[in-house]
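Residue numbers (my numbering), protein chains in the order written: chain A, 61 to 383; chain B, 710 to 1091; chain C, 653 to 939. Here is the structure we will look at, set down as structure tokens.
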Amino acid sequence: MDLGTDPTPVPTPMSASTSASTSGSEPKPGTAAGSAPRPSAAGARIWTWLALPGTVWMSVIFIASLLLVAALSFGTTDALGDPRFGATLVNWTALTDPAYLTVLLRSLEYALITSLVCLVIAYPVAYAIALHAGRLKNALIAAIVVPFFANYLVRMYGWSVVLSDNGPLLGFLRSIGLAGSHTKILNTGFGVIAGLVYGFVVFMIIPLYAALERMDVSLIEAGRDLYGGPLRTFLSVTVPSTRQGAAAGMVLVFLPAMGDFVSAQFMGGPNQIMIGNLIQDKFFEGQNWPLGSALTMLLMAVLLIGMFGYLRRTRKDEAEATG
Amino acid sequence: MSYQALPRSPRPPLSRRSLLRAGAVGTLGLGLTGCGFMQAQTSASDDTQPPIDVKVDGDLVYFNWADYVDPSVFAGFQKEYGVKVVQSNFDSMEGMVAKLDAGNSYDLIFPSAKYTQRLAQAGRLRRIDHAKLHNADAVFSGYGYFEDPWYDARSAHSVPFTMYKTGIGWRKDRLGNLSGSWQDLWDPGASGTAFLLDDEDEALGMAALKLGIDLNTSQKADLDRITTLLKNLRPHLRGFSSDDYNNLLNGNATITQAWSGDMVSVLNQAKDASVYGFEVAREGSPINSDCYAIPSNARHPGTAMLFIDYMLRPANVVKNMQYIGYPMPVHGTESAYAALVGQLPQCVISPSDLKPGLYFRNPATTADAQARDAAWTDVKAG
Amino acid sequence: MNRHPMNGRPPRPRRGRRGAERRPWFAIAVTAVFFVLLYLPIGMVVLFSFNSQKSLTVFKSFSLRWYSAFFHDHVLLSSLGMSLQVSLVAMAGSVVLGVALALGLVRARSRLGSYAGLIMMVPLITPEIVTGVASLLLFKGLGVTLSTGTVMIAEITFSISYVTVILRSRVAALNPEVEEAAMDLGATRWQSLRLVTLPALLPAILASAVLIFALVFDDFVLAYFTTGVDPQPLAVRIYSAIRFGVEPTINAVGSLMLLGSILLIALALAIPRFFGRRGGLDILSGE
């Protein structure tokens, strides 16, 4: 399905006047709005009305509830351990404990590595399917999406079985001499990253595939005439035209990887705890919802900063593209 | 089919008005002002409610760990009484309480001893008149401890359901015989393949017992010693995991802290069961039990009583023990359980094993609970 | 689960049409390995769902006992029914709201548009567990008793953004002049929307509907926090069971969900053909 095949799946920043500029292929709203005669103002208002229910819904339910979490991060627990709203910074100062920082940095590291590994794996796959699979193309993409639609937990559980010491993967690697009898994948950082990659690689393949599929193949031919070697053609023609797809994929993989707790739970060891696990502990099991809320806000802040960076980047790219 | 007793405090519902106010404040972006706060509800006192009329008064809304009752036992109940069992599962005690707090009305829940105490003290449980249960005698006469357990005076709001202790499960073929101490978790031969349960009470409790300090301590000095000890164990660990029996079965663990009842699953599912051992440490082994309890907002307490009575029938107890692997304190079913654990007699729980001092208890104050929680986070996050 | 369509040998690309005449053997090899690893875990789940023994490590012999156990387990079946209900309602609700929002976002030149564009992004970066906790706090605060309804509301909230993101670029790519032409011909704004705009967006709408259905069906975190005493959605039930070790019945459930997923995708592939746009996989290729 369309898992964010839009090259900029997380929308580009809205300019103050219009939020329409998303893809380069659309008619430039500025020109259309400037010159073409507009329908009556009353007619145009319909769009505002259309946006209203969704906006109200999101504001009332989503944003308000998030603000509740934010408010709770300044709260305390009472004598019985029940969360109370308050105005204390205790939870935030608790976060200065280096242990939390370690976990946060580790999560960033894992999520980044996961995005990169996904890119490295997904690129050849998307390339082979988009440009060399002929009629099988659609079937292959569907075959990639099918497991993604099966239950995430069951998939991750199955993956942990595959990666386990007596599992088929290590068995195979041992038989061809690539792994020793003591090599293990499960309960290592490698295992957690393998879990994250398995969980989210489809988010990378789809946008890359869309970008490659959309690419004008005659460009490759022209590139070959121009540059000669396939490698140089690839680097100077194919890669640039898939940059947006790759960037979108990176974001789509990075975000869920950063918040994930299942992979570290199934595939991690004592040194692989991620921030999602800590948050989950505080809410599902711990009795410290205020501290959990503060951790959550910290994670959100990191993600928002990352997001902001990404948006600035895409905006710059777009600006460059349009001159 | 494993079990986990989680050390947490109940979270009575947030007061609606205060939350609304806080929500409004939050919405305005003024979350800092700290005006509203969540308050414990004023609970209906259990004593004001009339005794439960033991008769079918509707379908049974049941709330328990997943796979903790044999489906055929459910089927038998539904057939016999002509009611449906509406089943929900929780995956932690905390989650259970959160659902109760959210106002969900269940007819029958299965809190651990620790949570039974909290819920009973908060007035969240109905009184259960044991005289109205035909099969209760086998419980209370056979296991006198439950006549007046620490967590619920005279078991006034509960009936014990299952029991278990925490010990060490290991691979005899890899490690040979062990020494019968928690020190075995440090066995050099198991370095890199040892697991601790992913459970605050169990992990801190193990270290406390090994150090010879109070199982439920929340003293800073004690907790410091505990975290130091656990951090010393950490490099040997492969992970924190509550999936103890699968870790043993799939070969990822050669040794793991384990719940006694889970060893039955190991025995039943292993290719060669003889390579597995289970021991309780001489420094002491935590003991625990779960209860049947009826929340004060239950809509069909009569059906719940009937269900408890039905579950206590020895034939059903045996069926259930075979299904979940955990023993139940019902006199007359001991031999069936002993047969079930066969080669691992240490899994058997005798009445003399039930000592209040080896139960996980509720910390006295929030600060105590949070000190323990912080110590656990410290261990886990490294 | 031995679907392994690649087999290391894709069909020969048609020369000339697809330009790149040299086979990228490296990419093809990676793809082959990728498919093996993609399906291996699922293969294990499916394999052990047919195990005659209650073991996840030792395969004894073929048996359908876990499937039979599933189909006789009224709890799991009612959970399945609940999941289907929740997914369908969430799908319908979020598609209606999301499509309207996407249209509004792209076309409205008002402050509301920029505000909506901003808040719509937030769910996309919010970890699920946060959404879950936040929803629970909110429902408690409003004094709403948790029920299937609260799950549906939470799931709709979580899904709107996805629909909007998918639809947004499609809406932007539409040529407004076509609608305006329709209006010049006497259509009202609503008519042109209904007769011109929506049909053009149909493949994207269907794609987002399928995606939302699958996401909601699969979601356990949000549902975990917001379910009441009604039967729990299937994914929640799986989560409760999986934390302490998997039951073979869960393998059977997982395998059936995979089957459902295959059917769903097949359906999604089939639908656009009925509507005759480029045929095949517009929705997969993303326009």
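For each residue, glycine too, the CB sits at the ideal point set by N, CA and C.
- The beta carbon of B/P760 is closer than 6 Å to those of D838 in its chain, skipping five residues each way along the sequence.
- For C/K792, at least one C-beta of chain B is nearer than 7 Å to its own C-beta.
- DSSP, read as helix, strand or coil, puts B/S821 in strand.
- In the three-state reduction of the DSSP assignment, A/F260 falls in the helix class, which pools H, G and I.
- Scanning its chain for C-beta atoms nearer than 8 Å, with the 5 sequence neighbours on each side dropped, one finds no residue around A/R105.
- Proximity of B/D776 to chain A, defined by a Cβ-Cβ separation below 7 Å, is not satisfied.
- Below the 7 Å Cβ cutoff, chain C contributes no neighbours of B/Y985, its closest Cβ being approximately 13 Å away.
- In this structure, B/N813 places its C-beta atom within 7 Å of the C-beta atom of C/G880.
- If you look at B/Q966, you'll find it in the beta strand (DSSP E) that goes I964 to W968.
- Take the alpha-carbon of C/V817 and the one of C/D871: they are about 19 Å apart.
- Straight through space, the alpha carbons of A/A193 and C/A684 are spaced by roughly 12 Å.
- A/F314 and C/A839 have their C-alpha atoms some 46 Å from each other.
- Membership of C/V698 in the alpha helix (DSSP H) is indicated by the continuous run W677 to S701.
- Under the Cβ distance rule, A/N211 does not count among the residues neighbouring chain B, no pair being separated by less than 7 Å.
- With contacts defined as CB atoms closer than 7 Å, A/F343 and A/V262 fail to qualify as a contacting pair.
- Per DSSP, the continuous alpha helix (DSSP H) segment holding B/N977 begins and ends at D971 to Q978.
- When Cβ-Cβ separations below 7 Å define contact, B/T1075 makes contact with chain A.
- What A/D225 touches in chain B, judged by beta-carbon distance under 8 Å, is N959, G960 and N961, going in chain order.
- Per the C-alpha coordinates, the member of A/V206, A/A171 and A/V116 positioned closest to C/G906 is A/V206.
- Within chain C, no residue has its CB atom less than 9 Å from the CB of B/G889, the nearest being about 26 Å off.
- Burial state of B/D981 is exposed, judged by a 10 Å Cβ sphere holding fewer than 16 other Cβ atoms.
- The alpha-carbon separation between A/F232 and B/R947 amounts to approximately 22 Å.
- Counting along the chain, the unbroken alpha helix (DSSP H) around C/G784 starts and ends at E780 to G793.
- Under the three-state reduction of DSSP, A/F145 is assigned to coil, being neither helix nor strand.
- Across the structure, C/A806 and C/V848 are spaced so that their CA atoms are roughly 32 Å apart.
- Here B/P1054 is exposed, its C-beta having fewer than 16 other C-beta atoms within 10 Å.
- The residue from C/L789, C/A752, C/Y767 and C/S799 with its alpha-carbon nearest to that of C/Q884 is C/S799.
- Apart from sequence neighbours up to five positions away, the residues of its chain that approach B/G876 with a beta-carbon distance below 7 Å are A967, S969, F987, E988, V989, A990, S994 and Q1055, ordered along the chain.
- Within chain B, no residue has its beta carbon less than 7 Å from that of C/P885; the closest one is some 11 Å off.
- The DSSP-derived three-state label of A/P290 is helix.
- Closer than 7 Å to the CB of C/L819 there is not a single CB belonging to chain B.
- Looking from the CA of B/N997, the closest CA among B/A903, B/G960, B/D953 and B/R1070 belongs to B/R1070.
- In this structure B/D882 is exposed. Its beta-carbon is surrounded by fewer than 16 other beta-carbon atoms within 10 angstroms.
- Per DSSP, the beta-bridge partners of B/L946 are B/A903.
- Of the candidates A/T302, A/S125, A/N226 and A/R372, A/S125 places its Cα closest to the Cα of C/I781.
- The DSSP assignment places 822-830 and 846-849 as complete runs of the alpha helix (DSSP H) inside the region 820-873 of chain B, in order along the chain (cut-off: 4 residues).
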